[in-house]
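Chains as they are written, first to last, in the numbering used here: chain R, 1274 to 1426; chain V, 16 to 701.
In what follows, a structure is listed as structure tokens, so that the remarks can point back to it.
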Amino acid sequence: MPVKRQVKFAVGIGVIVVSMAFLAWLGYGESKTYYHTIAELSELQGNARSHRLRVGGTVEPGSIHRLPGRVEFVLLGEGKSLPVSYVGSDPLPDTFVDKSQALVEGSLAKNGSFVAEQVQAKCASKYEAAPTAGPPAKSAQTGAESEQRSSTM
Amino acid sequence: MDVFGSFALLLAFVCAIYAFVGGIFAVRTRHPLLVKSARQAGMATCGLIFIATFSLVYLFFSDSYWVAYVVAHSNRDLATFYKIAALWSGQEGSLLFWSFLLAIYVFSALFAYRNKNGELMPYVGVVLAGVQIFFLTLNNFVASPFKVLATSGANGALEIFTRADGNGLTPLLQYPEMVIHPPNLYSGYTGFTIPFAFALGALLARYPGEKWIHLTRKWTMIAWCFQTAGVLLGAHWAYAVLGWGGYWGWDPVENASLLPWLTGTAFLHSVMMQEKRGMMKVWNVWLVFLTFMLCILGTTLTRSGIVSSVHAFAQSSIGNWFVGFLALILVVCFVAYVKNRDYLKSENQLDAIVSRESSFLFNNLILLVSCVAVLSGTLFPVFSEWLSGSRISVGAPFFNKVNIPIGLLLLFLTGVGPLLAWRKTSADSLKRNFGWPSVFSLAMGVIVFALGFHEFYSLICLVLCVFVATTILMEFYRGARVIRARSGASFASSAVDLTMRNTRRYGGYIVHMGMVLIFVGLAGAAFNKDVQKEMQIGSTIQIGRYNLLLQSFESKPEKNYTAERMVVEVMRDNKPLMMLYPERRFFQTNQESGTMVAIYSTLRDDLYVVYAGQSPETQTPVIHAYLNPLVKWIWLGGAIVVLGTIVTLLPNRRSVLVFSTAEQPAKALPISAGLTPSATLREGHD
Chain R
1274 MPVKRQVKFA
1284 VGIGVIVVSM
1294 AFLAWLGYGE
1304 SKTYYHTIAE
1314 LSELQGNARS
1324 HRLRVGGTVE
1334 PGSIHRLPGR
1344 VEFVLLGEGK
1354 SLPVSYVGSD
1364 PLPDTFVDKS
1374 QALVEGSLAK
1384 NGSFVAEQVQ
1394 AKCASKYEAA
1404 PTAGPPAKSA
1414 QTGAESEQRS
1424 STM
Chain V
16 MDVFGSFALL
26 LAFVCAIYAF
36 VGGIFAVRTR
46 HPLLVKSARQ
56 AGMATCGLIF
66 IATFSLVYLF
76 FSDSYWVAYV
86 VAHSNRDLAT
96 FYKIAALWSG
106 QEGSLLFWSF
116 LLAIYVFSAL
126 FAYRNKNGEL
136 MPYVGVVLAG
146 VQIFFLTLNN
156 FVASPFKVLA
166 TSGANGALEI
176 FTRADGNGLT
186 PLLQYPEMVI
196 HPPNLYSGYT
206 GFTIPFAFAL
216 GALLARYPGE
226 KWIHLTRKWT
236 MIAWCFQTAG
246 VLLGAHWAYA
256 VLGWGGYWGW
266 DPVENASLLP
276 WLTGTAFLHS
286 VMMQEKRGMM
296 KVWNVWLVFL
306 TFMLCILGTT
316 LTRSGIVSSV
326 HAFAQSSIGN
336 WFVGFLALIL
346 VVCFVAYVKN
356 RDYLKSENQL
366 DAIVSRESSF
376 LFNNLILLVS
386 CVAVLSGTLF
396 PVFSEWLSGS
406 RISVGAPFFN
416 KVNIPIGLLL
426 LFLTGVGPLL
436 AWRKTSADSL
446 KRNFGWPSVF
456 SLAMGVIVFA
466 LGFHEFYSLI
476 CLVLCVFVAT
486 TILMEFYRGA
496 RVIRARSGAS
506 FASSAVDLTM
516 RNTRRYGGYI
526 VHMGMVLIFV
536 GLAGAAFNKD
546 VQKEMQIGST
556 IQIGRYNLLL
566 QSFESKPEKN
576 YTAERMVVEV
586 MRDNKPLMML
596 YPERRFFQTN
606 QESGTMVAIY
616 STLRDDLYVV
626 YAGQSPETQT
636 PVIHAYLNPL
646 VKWIWLGGAI
656 VVLGTIVTLL
666 PNRRSVLVFS
676 TAEQPAKALP
686 ISAGLTPSAT
696 LREGHD
């Protein structure tokens, strides 16, 4: 292939790849979310506290309080607890109940509590009801099938 | 039956090993009897997997609550329909189901080519057996669906323990889509094994020519068709069931199903370069390898929770098996490629930038860029943890930023590519093919812009949709006009005739048309609206041109669950239209609840109504209504894509014998009645 034509193709390919990479970088900056455990949250310093954060834990039984405009609950994990205030507009998923595993996304408030914009939850109760002799406890299901989201993605 | 099933699985494992080892010897020695026995062992493997799967289905239907898997996923009240779906609702069963579908493909391939392609098939058989061994290992030794419940008996020995009833199926899975979506998606995932086996087999055998391409194109189309249907049914399930108002959330599992679709689509296009011009051979082989690896990766992500585990959800050790298998495939493919790369030498080069070849090149490039973006976004938490120690995930903005422009570029190429000539396209033909479509679509763009349609991407998308649809319709029109001039048949039947004479080309256009409709639907997402309100009985809420009036609110026990239901009257332009019943169900058996969305769907928009629970302090029910424009076009487009794919798989019709009833006069003479069915021979001319 003549050099001139090769250059044309290379430029075409280059433009596409570079512009897509640029867009990807923009999207990354806009949506990157740091995952932390509840225990790690208290040790975060400075800048890291202002990142968009994602935290997982178990919903403390009896802690869910539905208030006007928000839902408050407490997440437990590694012996620590985290008060969460869900302010998203979508209804919480059906699987969000006491003792369910929940994943919240949002940011840390100044007082150390967590302001969540999204909540995902996976129900754990079903597996506890199974007899211990059988293996159903490990029946991990596909993410999309058993998790529900409550977000406006 | 559980013993029977697990024994069949074990025997299948043994047969697969024989097919693999015997196959390798057959390839080495070329002994005809050995070749035959390896092939038959391969078929026997499939038969045994069928038996095992039917055993599990039988266990579900016979309510065998001593089998752990049945206990976990079924109960006596479960409808028959969903007892089938229960088969693939958990880890063990869905892996068996994978093996089952793979067995259908393997059996068909081995059987169809039993007396053909003698040089190639032994290699293909070895690769297929290799893949089957992996899945049978999981079925037998890692995640057996036939485990029974055991309890310590009086004398300390283990006894089989039977439960009175099962735990029931997760309500989220009790929807009709969940019965057809997984089989479709899995048929896609497993189906790409056949092209993979042919590509790897042909490379190892240094099989001459492009024959393997012809052999695998159809298999790829079948797998691709299922994959497309599976992805869209999954989106529809997410839309109709999860109740969050959307159909695609860039969830890892959704992304996993999209990845092989992207590379598979790229392959179906670039394969034409190899067929027609002997180019892109290395690229094609690697695309097939990559597609298969992405299918395995997709299964991994779905089954293991590697990515979800970063989200702190339960993980299972099965992921390690898959990662190991992926690494093994990569090594095998790489070694096979390095050893035989001289066999893949290109015969031609790119000639011009405005040519069919270059449109395929760019099509492949952007599909691959999209694939890389989706893949890296999905696996970002895993990689970032490896590289920097902190787990970072990316969300919808990342995926949308890259994939929306890519989608639009692809849409553009969909219109342009098929009409460019091979090698070099003249300015004249550009004008002839694209003159009217460009004028028409730009005029359309200006008009809707003037009407106040200012959403940038949606506007571009609409213009491109009109452009592509016009080019496709013009192609049908031109072809049909020629046929009509000769046969005098109606325009519609000339177009059908045209399609049947060159199914591959016109079926392809139908697929493209379906994609256009899907894009029309996607463009609607920019105009989604939603409102949420606490509703007293008799109060109304307005969204778009609809008014919703809450007539009553009730709590009602049903057989398997209790339902809280809103009775909502829908009025359009202040005229009563219909009733909607959004509800929430509470299932007693497993203490779970499920939202039932009520949707009123038209071509213009979907009214999507969710009962969002009761307000905590006032106990009044809360309604969440969405207005999603054009969503129906996506499902419609999907159906057309599937239809088009089926058309491309049909053989071309050349000359056809058509029996048609001759036109009779109003009062038929007795003698002519016996003569009416007259045979007319229509000749094909192309």
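All C-beta atoms, glycine included, are put in the ideal place defined by N, C-alpha and C.
Original post:
In whole angstroms, what is the alpha-carbon distance linking P186 of chain V and E134 of chain V?
Top reply: Those two C-alpha atoms are separated by around 51 Å.
Original post:
So, do the stretch 446 to 453 of chain V and the stretch 285 to 303 of chain V have three or more beta carbon pairs nearer to each other than 8 Å?
Top reply: The stretch 446 to 453 of chain V vs the stretch 285 to 303 of chain V: no contact.
**OP:** Pick out whichever of R:V1357, R:S1304, R:R1343 has its Cα sitting closest to the Cα of G1329 of chain R.
**Re:** Nearest C-alpha to G1329 of chain R: R:V1357.
**OP:** Would you kindly report the start and end of the unbroken beta strand (DSSP E) that includes Y1359 of chain R?
**Re:** Counting along the chain, the beta strand (DSSP E) containing Y1359 of chain R begins and ends at 1353 to 1359.
Original post:
Helix or strand or just coil, what does DSSP make of I407 of chain V?
Top reply: Strand.
Original post:
Residues in the stretch 401 to 425 of chain V with C-beta within 8 Å of chain R's C-beta atoms, listed in sequence order?
Top reply: Answer in chain order: S405, R406, I407, S408, V409, G410, A411, P412, F413, F414, N415, K416, V417, P420, I421, L424.
Subject >> Member of V:I237, V:T486, V:H251, V:W276 whose CA lies at the smallest distance from the CA of V194 of chain V >> reply: When only C-alpha atoms are compared, the closest one is V:H251.
Original post:
Is there a Cβ from chain V that is less than 8 Å from the Cβ of L1326 of chain R?
Top reply: Answer no: the Cβ-Cβ gap between L1326 of chain R and chain V never drops below 8 Å.
Subject >> Coarse secondary structure for A1312 of chain R, derived from DSSP in three states >> reply: For A1312 of chain R, the three-state secondary structure derived from DSSP is helix.
Subject >> Contacting positions in the stretch 1333 to 1363 of chain R - beta carbon closer than 9 Å to chain V >> reply: Under the 9 Å Cβ criterion, the stretch 1333 to 1363 of chain R contributes H1338, R1339, L1340, P1341, V1344, G1350, S1362, D1363.
Original post:
Since N562 of chain V sits in a beta bridge, which residues does DSSP pair it with?
Top reply: Partner(s): V:Q557, V:M586.
Subject >> Pick from V:F213, V:L565, V:A578, V:L664 that is closest to R519 of chain V, judged by C-alpha positions >> reply: The candidate whose alpha carbon is nearest that of R519 of chain V is V:L664.
Subject >> Among V:R43, V:L537, V:Y596, V:I498, nearest to A578 of chain V - alpha-carbon criterion >> reply: Distance from the Cα of A578 of chain V is smallest, within the candidate group V:R43, V:L537, V:Y596, V:I498, for V:Y596.
Original post:
According to the Cβ coordinates, are G206 of chain V and Y138 of chain V closer than 8 Å?
Top reply: No, the pair does not count as a contact, with Cβ atoms beyond the cut-off.
Original post:
Given L564 of chain V, which residues of its chain have a CB within under 6 Å of its CB, disregarding the five upstream and five downstream residues?
Top reply: Non-local C-beta neighbours of L564 of chain V in its own chain, meaning closer than 6 Å and more than five positions away in sequence, comprise T555, E584, ordered along the chain.
Original post:
Below 8 Å, can you find three or more Cβ-Cβ pairs linking the stretch 1276 to 1295 of chain R to the stretch 368 to 385 of chain V?
Top reply: Taking 8 Å as the limit for Cβ pairs, the verdict is that the stretch 368 to 385 of chain V does touch the stretch 1276 to 1295 of chain R.
**OP:** Would you mind stating whether K416 of chain V and G1300 of chain R have Cβ atoms separated by less than 8 Å?
**Re:** Going by C-beta atoms, K416 of chain V is nearer than 8 Å to G1300 of chain R.
**OP:** Please decide whether L622 of chain V counts as near chain R, where near means a Cβ-Cβ distance under 8 Å.
**Re:** Output row for L622 of chain V: interface = no.
Original post:
Mind checking whether T60 of chain V and C30 of chain V have CB atoms under 8 Å apart?
Top reply: Result yes, Cβ atoms of T60 of chain V and C30 of chain V sit closer than 8 Å.
Original post:
Leaving out the 5 sequence neighbours to the left and right, which residues in its chain are closer than 6 Å to F28 of chain V when beta-carbon positions are compared?
Top reply: Close CB contacts of F28 of chain V within its chain, under the 6 Å cut and outside five residues either way in sequence, are with L151, N155 (chain order).
Original post:
Of all the CB atoms in chain R, is at least one closer than 8 Å to the CB of L380 of chain V?
Top reply: Taking Cβ atoms only, chain R reaches closer than 8 Å to L380 of chain V, which makes this a yes.
Subject >> Alpha carbon of R668 of chain V to alpha carbon of I661 of chain V, nearest angstrom >> reply: Within the model, the alpha-carbon separation for R668 of chain V versus I661 of chain V is close to 15 Å.
Original post:
Is there contact here, the stretch 526 to 533 of chain V with the stretch 424 to 431 of chain V, by at least three beta-carbon pairs under 8 Å?
Top reply: These segments touch.
**OP:** To the nearest angstrom, report how far apart W259 of chain V and W227 of chain V are at their CA atoms.
**Re:** Their Cα atoms are separated by approximately 45 Å.
Subject >> Below-8 Å beta-carbon distance, G609 of chain V vs any chain R residue >> reply: So yes, G609 of chain V belongs to the interface.
Original post:
Counting contacts by CB-CB distance shorter than 8 Å, is G432 of chain V in contact with chain R?
Top reply: Not closer than 8 Å to any Cβ of chain R, the Cβ of G432 of chain V fails to qualify, so no.
Subject >> Within-8 Å CB hit, D1371 of chain R to chain V >> reply: No Cβ of chain V is located within less than 8 Å of the beta carbon of D1371 of chain R.
Original post:
Does DSSP put T549 of chain V in a helix, a strand or coil?
Top reply: One detail in the question is off: residue 549 of chain V reads as Glu in this sequence, not Thr. Residue state, collapsed to three classes: strand.
Subject >> As assigned by DSSP and simplified to three states, the class of E225 of chain V >> reply: DSSP places E225 of chain V in coil when its eight states are reduced to three.
Subject >> Inter-residue Cα distance where the pair is L390 of chain V and L273 of chain V >> reply: Rounded to whole angstroms, L390 of chain V to L273 of chain V spans 9 Å at the Cα level.
**OP:** At 8 Å on the CB atoms, spell out the chain R contacts of V384 of chain V, in chain order.
**Re:** Chain order gives the chain R residues near V384 of chain V as I1289, V1290, M1293, where near means a beta carbon separation below 8 Å.
**OP:** Examine chain R for any beta-carbon lying closer than 8 Å to the beta-carbon of V625 of chain V, and answer yes or no.
**Re:** Output row for V625 of chain V: interface = yes.
Subject >> the stretch 1300 to 1330 of chain R: positions lying closer than 7 Å to chain V by Cβ >> reply: For the stretch 1300 to 1330 of chain R, which is checked against every Cβ of chain V, the residues closer than 7 Å are G1300, Y1301, E1303, S1304, K1305, T1306, Y1307, Y1308, R1327, G1329.
Original post:
Between the beta-carbon of R371 of chain V and the beta-carbon of G432 of chain V, is there less than 8 Å?
Top reply: Going by C-beta atoms, R371 of chain V is nearer than 8 Å to G432 of chain V.
Subject >> Residue nearest to I475 of chain V in terms of C-alpha spacing, selected from V:W451, V:S505, V:V535, V:L488 >> reply: Minimum Cα distance to I475 of chain V is reached at V:V535.
**OP:** Starting from R1327 of chain R, trace the beta strand (DSSP E) both ways and give me its first and last residue.
**Re:** Residues 1326 to 1332.
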